[in-house]
Amino acid sequence: MLITSITNFRNNAKEWLDKITNNSEELAITTKKGNYIIVEEAEYRSWKETSYILSDKDIVDEIKQSDHDRKEGRSKSFDNVDDLFNHLDEL
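1 is the number of the first residue of the sequence shown in the UniProt record's numbering; add one for each residue after it.
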């Protein structure tokens, strides 16, 4: 994680944002009143989606069951999407 002061960020915002984008890193900005984190929008959306999924007990239970089924050999793997669709057509 990159860290800078609010003053440094204010004076060099474009360079800091380029670093975030080019290095896929977060930026912590320190201020006297508190600290802030800047992330790319795609990363933020990913975090929100993960948070949503983990907050839904039914989804988490389905994921756990799927993982258990995979470990027990009760799942099927496909080399590509076409193979998956062909298999679904046979059901």
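Quick reminder that beta carbons are idealized off the backbone N, C-alpha and C, glycines included.
Please report the straight-line C-alpha distance between residue 92 and S51, rounded to a whole angstrom. The shown model of the chain, from 1 to 91, leaves out residue 92, and the question about it has no answer.
Per DSSP, what kind of secondary structure is S46 in: helix, strand or coil? helix
So the beta strand (DSSP E) T4 belongs to, where does it begin and stop? Here the beta strand (DSSP E) through T4 covers 2-5.
Anticipated Cβ contact below 8 angstroms, I38 with E26, distance rounded: 7 angstroms
So what's T30 in DSSP terms, helix, strand or just coil? Of the three classes helix, strand and coil, the one that applies to T30 here is strand, per DSSP.
Alpha carbon to alpha carbon, how far is I53 from E43? 15 angstroms
So the candidates are I29, K71, S75, I63; which of them puts its Cα closest to the Cα of T7? I29
Are D69 and S75 closer than 7 angstroms when you measure CB to CB? yes
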